[in-house]
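The opening residue of the sequence shown carries number 1 in UniProt numbering; numbering runs sequentially from there. Beta carbons are placed, not taken as given, at the ideal position from N, Cα and C, and that holds for glycine. Remember, predicted model here, so these are calculated numbers, not experimental data. Everything below concerns the one structure shown next.
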Amino acid sequence: MEKSSPWPLLVFATSDKAISRRIQQARRAGELRQLLPRVYTPDLTTAPAVLVRRNWLPILGHLYPDAVISHRSGLDAQPTPEGDIFLTYKYAKKVVLPGLMVHLVPGPGPQELDRPFGSTTLSFASEPRALLENFQLGRARGGISKTLPGSAVEEYLERLLRVRGEDGLNELRDQARTLATHLGWEAEFGRLSQVMAALLATAPSKLLTSPIARARVLGLPYDPDRAELFATLLTALRQHPLSSRPDPAAQPPAYYELAFFEAYFSNFIEGTVFQVDEAHDMVVGNAPVPGRHADSHDVLSTYQLVSNLAEMRVVPTTADELLALLQRRHATLLRERPDKRPGQWKERANQAGTTNFVEPELVRGTLHQGFACYTALEHPLARAAMMMFIVSEVHPFDDGNGRLARIMLNAELVRGGLSRIIITTSYRQDYLRALRRLSRQRDPGLYLRMLDRAQAFTAELQADSYHRLKAQLTQVRAFDEANEEMVW
Numbered sequence: 001m002e003k004s005s006p007w008p009l010l011v012f013a014t015s016d017k018a019i020s021r022r023i024q025q026a027r028r029a030g031e032l033r034q035l036l037p038r039v040y041t042p043d044l045t046t047a048p049a050v051l052v053r054r055n056w057l058p059i060l061g062h063l064y065p066d067a068v069i070s071h072r073s074g075l076d077a078q079p080t081p082e083g084d085i086f087l088t089y090k091y092a093k094k095v096v097l098p099g100l101m102v103h104l105v106p107g108p109g110p111q112e113l114d115r116p117f118g119s120t121t122l123s124f125a126s127e128p129r130a131l132l133e134n135f136q137l138g139r140a141r142g143g144i145s146k147t148l149p150g151s152a153v154e155e156y157l158e159r160l161l162r163v164r165g166e167d168g169l170n171e172l173r174d175q176a177r178t179l180a181t182h183l184g185w186e187a188e189f190g191r192l193s194q195v196m197a198a199l200l201a202t203a204p205s206k207l208l209t210s211p212i213a214r215a216r217v218l219g220l221p222y223d224p225d226r227a228e229l230f231a232t233l234l235t236a237l238r239q240h241p242l243s244s245r246p247d248p249a250a251q252p253p254a255y256y257e258l259a260f261f262e263a264y265f266s267n268f269i270e271g272t273v274f275q276v277d278e279a280h281d282m283v284v285g286n287a288p289v290p291g292r293h294a295d296s297h298d299v300l301s302t303y304q305l306v307s308n309l310a311e312m313r314v315v316p317t318t319a320d321e322l323l324a325l326l327q328r329r330h331a332t333l334l335r336e337r338p339d340k341r342p343g344q345w346k347e348r349a350n351q352a353g354t355t356n357f358v359e360p361e362l363v364r365g366t367l368h369q370g371f372a373c374y375t376a377l378e379h380p381l382a383r384a385a386m387m388m389f390i391v392s393e394v395h396p397f398d399d400g401n402g403r404l405a406r407i408m409l410n411a412e413l414v415r416g417g418l419s420r421i422i423i424t425t426s427y428r429q430d431y432l433r434a435l436r437r438l439s440r441q442r443d444p445g446l447y448l449r450m451l452d453r454a455q456a457f458t459a460e461l462q463a464d465s466y467h468r469l470k471a472q473l474t475q476v477r478a479f480d481e482a483n484e485e486m487v488w
C-alpha cells in the first residue's frame with residue numbers, strides 16, 4: 001500500500017518563510033517535485049502535462065490573479081483539445097505550460113456578473129461578456145483565434161433560444177447592452193444584437209452562417225444532436241454489407257397471414273395484450289372484442305395498414321411527403337383514440353425511461369434532417385433501418401410512435417421486395433436494447449445485427465396458413481417474454 005503524502009496535490013510557493021523552508025526540505029527529501037515555477041506536487045510519476053491539464057483551474061488561478069477566462073474559452077469553459085486557453089489579464093503574452101498554451105489578452109478585469117472560481121481570484125466571464133468578446137474583431141495569432149467562428153456563436157445562441165425561449169434571449173440581450181455601455185463595447189453589442197434579431201426573425205436571415213441557425217429562421221429548427229446521430233447511422237449503413245432476403249410471403253394469402261402477426265406483435269410489445277386466437281378472430285371478423293373497443297382498434301387499425309399491399313408500397317420521395325405520410329398513417333393507426341390526437345404532431349415533450357425525445361418545436365426540422373440521410377441510401381434494408389430509427393428517435397406524436405416506426409420500416413421492405421421484419425415478444429428486449437445503444441451510445445453495431453437477425457428469422461417463416469404460422473412461432477417460443485436463447 002502506498003504511503004499517503006502529507007502534502008496536497010498542488011503546493012504553491014508563498015512568502016511565508018517557514019512554509020518555504022518546509023517546501024525546500026521536502027524537495028531535497030524527494031517528497032515534492034517542481035511542476036511549474038513556484039508550483040510543486042507530491043505526485044512524482046504522472047507526466048507534468050497531464051497534471052497541468054487536470055488541474056488547470058487552480059493553477060491558472062494561482063499564476064494569474066484577477067484574470068478572467070474569456071473570449072472563446074469563456075463560452076467553452078475549458079481549454080481547446082490542443083490545450084489553448086484565453087485569459088483577459090493585465091497585459092498581452094503567450095505562455096507555454098506543460099499541456100497548456102495560455103493566451104493572455106489585455107482587457108477589463110472581473111465585472112459584476114463574472115463568476116469567481118472557488119477561493120481564487122480567477123473568474124469565468126459571464127455569458128453576456130463572453131458573447132460580446134466573441135464578436136470582437138481581430139486576427140488569429142499563433143494559429144488560433146481568440147474568438148469562436150461566427151457559426152459556432154450562432155449555434156450557441158440558437159441553443160439558448162431553444163432552451164430559454166424568446167424571453168430568455170431578450171433578457172440576455174438586455175444584460176449585454178448594459179455591460180457593453182459600461183465597457184465601451186457598443187460595436188460588439190451591435191453585431192451580437194443583429195444575430196439575435198435574425199434568430200428572432202426580426203432581421204434578415206442572410207446575416208446567419210450556421211445551417212442550424214438558418215434552419216430555425218426558415219421555420220424548420222432541428223435537433224443538431226439527432227442530426228449528427230442520423231449521420232452516424234448513415235455512415236454505418238453505407239459501410240455495412242446488407243443481405244437481400246426475398247419476401248417469401250409477398251402475395252396474398254400468405255401476405256395477409258404474415259401481416260396479422262406483424263400487427264399482433266407490434267401491439268403486444270407495446271402493452272396491448274390479447275390472446276393470439278382472440279386477436280385473430282377479431283381481425284377475421286373485423287369486430288372489436290367486447291369491453292375493449294380502443295385496444296381492439298389498435299390491432300385492427302395496424303392490420304388495416306400493414307395488410308394493404310398498395311399502402312405498404314408507398315414510400316416518401318420528398319421530406320414534405322414524409323411528414324404527410326407520417327401524419328396520415330398515424331391518423332389511421334390511432335383513429336379510435338381521439339385523446340392521443342391522431343395525426344397531429346406532439347405539443348409536449350415525451351420520453352421513455354431516461355431517453356428524452358426531440359422537443360416538439362424541433363420535430364418537423366429534425367425529420368427533414370433525417371430524410372436527407374434516408375435519401376443517401378439505396379439498399380431497401382438500409383433505408384428501412386434509417387426510417388425506423390428516425391421515427392423512433394424523433395417520437396413525433398403523443399402515442400403510437402413505436403408501431404408507426406415499425407410500419408415505416410416494413411413499408412420500405414415491401415416496396416423493395418424484401419422480407420418484412422417482425423419483432424416478436426421474445427425479441428422485444430433485444431430490440432429495445434439495440435435502439436437504446438444507438439440512441440445513447442451512438443453505437444449502430446447492435447442495431448444492425450438485431451435487424452439482420454430479425455429479418456433472417458422472419459424470412460424463414462412459412463405463412464401459407466394461420467395455424468401453421470402460429471405453430472412455428474409457438475415452437476420457437478416467439479410468444480414468450482425474454483427468450484434467452486436469442487442473442488443478437
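- Of Thr-181, His-182, Arg-177, the smallest CA-CA separation from Gln-194 is found for Arg-177.
- Shown here, Arg-33 sits in a strand according to DSSP, grouped into three states.
- Sequence-distant Cβ neighbours of Asp-298 in its own chain, meaning closer than 6 Å and more than five residues away, are Asn-267, Thr-272.
- When DSSP states are grouped into helix, strand and coil, Ala-250 belongs to the coil group.
- Taken through DSSP and simplified to helix, strand or coil, Thr-355 comes out as strand.
- Counting only the Cα atoms, Arg-428 lies some 21 Å from Ala-463.
- Assigned with DSSP and collapsed to three states, Ser-243 falls in coil, not helix or strand.
- In the DSSP assignment, Tyr-40 falls within the beta strand (DSSP E) that extends over 39-41.
- For the region 92-152, the continuous alpha helix (DSSP H) assignments of 4+ residues that do not extend past its boundaries occur at 127-133, in sequence order.
- Excluding the 5 residues flanking it on each side, Glu-359 has same chain C-beta neighbours closer than 8 Å at Arg-162, Asp-223, Ala-349, in chain order.
- Within the same chain, Cβ atoms closer than 7 Å to the Cβ of Asp-43 are found at Leu-9, Leu-51, the five residues on either side in sequence being excluded.
- Under the three-state reduction of DSSP output, Leu-60 falls in the helix class.
- Going by C-alpha positions, Ser-70 is about 42 Å away from Ala-434.
- The way I'd put it, the region 407-421 does touch the region 242-260; three or more beta-carbon pairs between them come closer than 8 Å.
- The Cβ-Cβ distance between Leu-237 and Leu-377 falls below 8 Å.
- Taken in chain order, the whole alpha helix (DSSP H) runs of length 4 or more contained in the region 434-468 are 445-459.
- Between Leu-199 and Glu-158, the C-beta gap is smaller than 8 Å, which places the two residues in contact.
- For Gln-369, the number of other beta carbons within 10 angstroms of its own is at least 16, and it is reported as buried.
- Shown here, Asp-281 sits in a helix according to DSSP, grouped into three states.
- Remark: C-beta atoms of Val-95 and Val-102 approach each other more closely than 8 Å.
- The residue from Ala-478, Arg-53, Thr-46, Ala-324 with its alpha-carbon nearest to that of Ile-269 is Ala-478.
- Contact check for Leu-100 against Gly-83 passes: the beta carbons are separated by less than 8 Å.
- Put simply, of Arg-292, Asp-16, Gly-30 the residue whose alpha carbon is nearest the alpha carbon of Ser-5 is Gly-30.
- Here the region 394-402 lies against the region 336-356, with 3 or more beta-carbon pairs under 8 Å apart.
- Taking the Cα positions, Leu-233 is about 45 Å away from Trp-185.
- The continuous alpha helix (DSSP H) containing Leu-409 extends over residues 401-415.
- Following the DSSP letters along the chain, one finds Tyr-427 in no alpha helix (DSSP H), marked with neither H nor E.
- Rounded to whole angstroms, the gap between the alpha carbons of Tyr-303 and Ile-421 is 15 Å.
- Per DSSP, the beta-bridge partners of Val-11 are Tyr-40.
- Secondary structure of Val-314 (DSSP, three-state): coil.
- Pairing Leu-409 with Ala-384 gives a Cβ-Cβ distance under 8 Å.
- Judged by DSSP in its simplified three-state form, Phe-86 adopts strand.
- Assignment of Leu-418 by DSSP, reduced to helix, strand and coil, places it in the strand class.
- Of the other Cβ atoms in all chains shown, 16 or more fall within 10 Å of the Cβ of Asp-430; this residue is therefore buried.
- Straight across, the Cα-Cα distance linking Glu-127 with Gly-400 is about 41 Å.
- A direct Cα-Cα distance of roughly 35 Å separates Ser-151 from Gly-402.
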